[in-house]
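Numbering of the sequence shown is given in full-length UniProt numbering, commencing with residue 1 and proceeding in unit increments.
What follows is a set of notes on a single structure, which appears directly below.
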Amino acid sequence: MLTAERRQLILNILHRDKKVLSSELSAVLKVSEDTIRRDLRELAESGLLQRVHGGALLASPAIASYADRQKQAPKEKEAIARAAAKLVCPGQVVILDGGTTTLQVARHLPLDLQATVVTNSPPIAIALAEHPNIKVVMLGGQLYKKALVNVGAATIESLRMIRADLCMLGVCSLHPEIGISVQNLDEAHVKRAMIAGAAEVVGLATAQKLDTAASYVVESIHALTYLVTAPTVSDEMLVAYKALGLTIIRDALNPTA
Numbered sequence: 001m002l003t004a005e006r007r008q009l010i011l012n013i014l015h016r017d018k019k020v021l022s023s024e025l026s027a028v029l030k031v032s033e034d035t036i037r038r039d040l041r042e043l044a045e046s047g048l049l050q051r052v053h054g055g056a057l058l059a060s061p062a063i064a065s066y067a068d069r070q071k072q073a074p075k076e077k078e079a080i081a082r083a084a085a086k087l088v089c090p091g092q093v094v095i096l097d098g099g100t101t102t103l104q105v106a107r108h109l110p111l112d113l114q115a116t117v118v119t120n121s122p123p124i125a126i127a128l129a130e131h132p133n134i135k136v137v138m139l140g141g142q143l144y145k146k147a148l149v150n151v152g153a154a155t156i157e158s159l160r161m162i163r164a165d166l167c168m169l170g171v172c173s174l175h176p177e178i179g180i181s182v183q184n185l186d187e188a189h190v191k192r193a194m195i196a197g198a199a200e201v202v203g204l205a206t207a208q209k210l211d212t213a214a215s216y217v218v219e220s221i222h223a224l225t226y227l228v229t230a231p232t233v234s235d236e237m238l239v240a241y242k243a244l245g246l247t248i249i250r251d252a253l254n255p256t257a
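Structure, rendered in structure tokens:
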């Protein structure tokens with residue numbers, strides 16, 4: 001079997017099973033574990049998977065640029081945003097993390113809603129600038145251009161002063177075992193501070209983000225109060241998350257779905 005054929009087969013197995021183990025691939029493909037590890041390393045460098053101890057998991061689509069991510073799963077993100085926006089109550093202080101899905105949440109907040117939104121995302125702050133009843137608190141810091149969010153010590157220090165009712169977390173990768181993970185270490189620290197400063201945490205994840213992993217772990221899955229995902233996500237795909245005690249929301253009209 002040619003190297004390219006073997007690596008494509010590895011990807012096929014990964015997409016089917018959501019994970020691969022080096023030892024099992026070695027037995028199935030009849031090559032050494034060293035060869036499999038080399039294959040996984042090359043595939044990881046191409047952004048096609050995320051290596052973990054003993055094997056690999058699916059890589060998040062969030063490795064794309066912000067502009068490209070705005071084009072990914074727009075209907076799913078809009079459905080998630082409609083459902084998530086209903087969780088915001090009048091008078092609350094809400095941390096709205098950066099991301100293309102959280103931007104949609106900002107756009108779906110009712111015009112009569114009175115609340116305070118704290119965000120490290122310039123696009124979200126701009127989207128809420130014309131909202132008549134929402135006070136916007138913009139967190140400073142260094143702009144992480146790929147994700148269009150402010151990160152760094154200044155961002156984290158500001159978050160330490162805030163006790164929010166709700167945090168809407170943009171999810172890069174979510175996995176029942178790995179937890180919440182991202183591609184950038186500075187962003188991981190900021191997300192962790194957001195979680196620490198909120199009474200309840202809402203994870204927003206399209207189907208493409210589920211069962212994937214990235215390089216830097218933010219928190220375990222238990223940091224989330226709710227997981228809001230698209231109505232098209234199957235019950236089978238959510239079994240492991242429900243088993244961990246997460247409240248799953250898939251329908252704007254039925255918040256206990």
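By construction, the Cβ of each residue, glycine as well, lies at the ideal position given by its N, Cα and C atoms.
Since the structure is predicted, the reported quantities are computational estimates derived from the model, not experimental observations.
Under the rule that 16 or more other beta-carbon atoms within 10 Å means buried, what is Lys242, buried or exposed? exposed
Okay, do the segment 78-92 and the segment 228-236 touch, 3+ Cβ pairs below 8 angstroms being the bar? yes
Is the closest heavy atom of the ligand COA to the C-beta of Ala243 under 8 angstroms? Absent from the structure shown: the ligand COA. Ligands present: none.
Using DSSP bridges, identify the partner residues of Thr100. DSSP lists no partner for Thr100.
For a minimum of 3 consecutive residues, which ranges assigned as the beta strand (DSSP E) are wholly contained in the segment 67-140? 93-96, 115-119 and 134-138
Suppose contacts are defined by Cβ-Cβ distances below 9 angstroms. Is Ala164 in contact with Ile249 by that definition? no
CB Ser121 to CB Thr101, shorter than 9 angstroms? no
Bridge-paired residues (DSSP) for Ala59: Ala213
Tell me the DSSP secondary structure of Val171 in three-state form. coil
Is Leu109 close to chain C, meaning its C-beta is less than 9 angstroms from at least one C-beta of that chain? This model lacks chain C altogether, as it is built from one protein chain only.
Following the continuous beta strand (DSSP E) through Val182, name the residue where it begins and the one where it ends. Gly179 to Val182
So, for Val137: in the same chain, excluding its five sequence neighbours on each side, which residues have a beta-carbon less than 6 angstroms away from its beta-carbon? Val118
Looking only at its own chain, which residues have a Cβ that is under 8 angstroms from the Cβ of Gly140, when we skip the five neighbours before and after it? Asn150, Ala154, Thr155 and Ser158
Just verifying my parser: in three-state terms, what is the DSSP assignment at Thr247? strand
Let's test the definition: count the other Cβ atoms within 10 Å of the Cβ of Ser65 and tell me whether it reaches 16, buried, or not, exposed. exposed
Taking all protein chains shown into account, do 16 or more other C-beta atoms lie within 10 angstroms of the C-beta of Val239, making it buried, or fewer, making it exposed? exposed
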